[in-house]
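Using numbering that gives the first Met the number 0, the first residue of the sequence shown is number 0, and each one after it goes up by one. Even for Gly, the Cβ is constructed at its ideal location relative to N, Cα and C. Written below as structure tokens is the structure these notes are about.
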Amino acid sequence: MSQTFAVSKASFSITYTFWHTVAILGLFVILLINYRQLLLDNSSFSMMITHLRWQHINNLSLMLDLGMFLTAIIVLHLTLLLGANSYFYPTSLLVFFRGTMLAEPLLLICLSLVLIAVFLAGLYLQCGRVISISCTILMVAALLGNKMYPSFIRTTPLEQPNIIIIGIDGLRPDHLTYGGANSGQTPFRSGAVAIGSV
């Protein structure tokens with residue numbers, strides 16, 4: 000009973016810390032925006048209310064643009080960031096999708112490709128063909144450039160280990176195979192610790 004209470008208390012404190020931090024960050028953002036508005040003669044909110052008409056809200060293309068913005072920019076980006084964080088840092092405090100389909104590499108790659116395609120389409124519509132093709136070539140060269148050059152590996156054995164892990168945020172010994180945990184939680188870090196000197 001006491002162990003269950005301790006676990007629920009720990010999870011409550013982590014959740015409380017996360018939402019407390021988000022609330023403080025939101026408060027500071029609101030304060031900075033209000034401070035900026037005080038420096039202006041006419042605030043952007045008052046100008047928007049002055050120029051906003053019912054025809055604008057009733058406009059289908061405007062609603063489609065807003066829906067595209069909310070879907071592509073906010074939902075897809077947040078899903079990609081939180082899913083990648085759950086995949087690469089499974090012991091972090093912001094791991095909401097660990098063990099779900101949203102943290103699978105295939106879905107993360109598909110989301111990345113969709114967002115890159117949306118970015119290139121917007122770049123093509125905004126800047127034209129030449130700049131969008133140039134950016135595409137630069138992105139492909141940056142992604143595939145390091146694969147074209149062979150990496151030279153030292154084959155001589157080392158007397159001392161050349162990797163020293165001082166501290167990693169979210170790395171807990173009880174989540175590693177070295178500490179007796181399941182190797183499926185942190186497979187890459189458990190593999191690195193297994194071949195190293197601990």
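Item: Assuming residue 83 contacts residue 107 under a Cβ cut-off of 8 Å, what Cβ separation, rounded to an integer in Å, is found between them?; Value: 6 Å
Item: Between which two residues does the alpha helix (DSSP H) carrying residue 113 extend?; Value: 104-126
Item: Below 8 Å CB to CB, which residues in the same chain sit around residue 128 once its five sequence neighbours on both sides are set aside?; Value: none
Item: Starting from residue 86, trace the alpha helix (DSSP H) in both directions and tell me its first and last residue.; Value: 76-87
Item: Could you tell me the alpha carbon to alpha carbon distance between residue 141 and residue 57, rounded to whole angstroms?; Value: 44 Å
Item: Have a look at residue 22 and residue 86 and give me their C-alpha separation to the nearest angstrom.; Value: 25 Å
Item: Which word fits residue 0, buried or exposed, when buried means at least 16 other C-beta atoms lie within 10 angstroms of its C-beta?; Value: In this predicted model, residue 0 has a pLDDT of only 44, less than 50, meaning its place in the structure is not dependable; the value taken from the coordinates is given anyway. Exposed, because fewer than 16 other Cβ atoms sit within 10 Å of the Cβ of residue 0.
Item: Considering only the alpha carbon of each residue, which of 26, 27, 90 lies closest to residue 189?; Value: 90
Item: Among 92, 62, 122, 32, which one has its Cα closest to the Cα of residue 16?; Value: 92
Item: Nearest to residue 138 by CA position, among 126, 118, 125, is which residue?; Value: 118
Item: In whole angstroms, what is the alpha-carbon distance linking residue 191 and residue 27?; Value: 40 Å
Item: Just reading off the alpha helix (DSSP H) that residue 60 is part of, what are its end residues?; Value: 59-67
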